[in-house]
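K.L.:
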Amino acid sequence: MDTKPSKKTDLQVIAGALVTVGIWIAAKNGLEIPEYIGAAVVTILVGALAYFVPAKSGKYVDSSPVPDDYEPKH
């Protein structure tokens, strides 16, 4: 098993850290943001990334080859 995190996980970690640092910078410049709002922003952003960024590998990802005649269902 590969223990290296996926790019999707990397994006989520970086996004959470950037929002946290952004809120800290805003607080240093006089903008008061309650802790629960900051936590909610991080949660929403990470949730959006989890939903919209496709997983490339993992336990629940089917990585079998796609047949040449495959047509996606709409």
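Just so we're aligned, residue 1 is where the sequence shown starts under UniProt numbering, counting upward by one.
Note that the Cβ used here is the ideal one computed from N, Cα and C, for glycine as well.
Between residue 53 and the rest of its own chain, which residues show a CB-CB distance below 7 angstroms, the 5 nearest in sequence each way excluded?
P.N.:
Correct list, in chain order: 8 and 11.
K.L.:
Taking only the alpha-carbon atoms, compute the straight-line gap between residue 49 and residue 35 and give it to the nearest angstrom.
P.N.:
Answer to the nearest angstrom: the Cα atoms are 21 angstroms apart.
K.L.:
I need the DSSP call for residue 47, collapsed to helix, strand or coil.
P.N.:
Residue 47: helix per DSSP, three-state reduction.
K.L.:
What separation, rounded to the nearest whole angstrom, lies between the Cα atoms of residue 29 and residue 14?
P.N.:
Looking at the two C-alpha atoms, the distance is approximately 22 angstroms.
K.L.:
If you follow the alpha helix (DSSP H) that residue 10 is in, where does it begin and where does it stop?
P.N.:
Segment 7 to 28, the alpha helix (DSSP H) holding residue 10.
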